[in-house]
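J.: Residue numbers for the sequence shown follow my numbering, so the first one is 2 and each next one is one higher. Note that beta-carbon positions come from the ideal geometry of N, C-alpha and C, so glycine has one too. I have a structure I would like to understand better, so I am pasting it below and will then ask my questions one at a time.
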Amino acid sequence: MKVAFATQDLKHVDAHFGWAKNIVIYEVGPDGHRFIEAIQFDGGLTEDGNEDKLAPKIEAIRECAILYVAAIGGSGAARVVARNIHPMKVLQPEPIHDLCVKLETVLKGSPPPWLRKLLSKSRDRTVDFEA
């Protein structure tokens, strides 16, 4: 499944969704993860109430099942959830690699019900981690 990460430095989840300079997308499965793409955003990212900044970010993560963020506003969260993307908030900056590995471990075991539901929606996508 595709997972998005809000990041300022391309290495850590350390950004508010609306203020993020970058969104990094990985494919994550029980047997590994791989980088897909990094999308950079410019403009008035720190302006509260500027809902226009959210549209390109939401479009960029449209195929993702999960979005990791340091924070997300109510409007952004509602728009992400409306697209069937599950926002996950980290309490402090965490390396993207570590989050991918943790998610792999969860996928190998017994995922919680919300994650099983996401997985069932993305079963038609297969991932080859040995490529």
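1. Distance, Cα to Cα, Arg80 vs Lys12?
2. Inspect the beta-carbon positions of Ile67 and Ala5 and report whether they are closer than 9 Å.
3. Which residues in the same chain as Met133 place their Cβ atom closer than 8 Å to its Cβ, once the five residues preceding and following it in sequence are excluded?
4. Is DSSP giving Glu64 helix, strand or coil here?
5. Go to Ala83, then tell me how far its alpha helix (DSSP H) extends in each direction, as first and last residue.
6. Under the rule that 16 or more other beta-carbon atoms within 10 Å means buried, what is Trp115, buried or exposed?
7. Alpha carbon to alpha carbon, what distance is there between Ala39 and Lys58?
8. Just tell me which of Gln93, Ile97 and Ala78 has its CA closest to the CA of Val29.
T.: Reading from the atomic positions:
1. 25 Å
2. yes
3. For residue 133 there is no data in the structure shown, the boundaries of the chain being 2 and 132.
4. coil
5. Gly75 to Ala83
6. exposed
7. 12 Å
8. Comparing Cα-Cα distances from Val29 to each of Gln93, Ile97 and Ala78, the minimum goes to Ile97.
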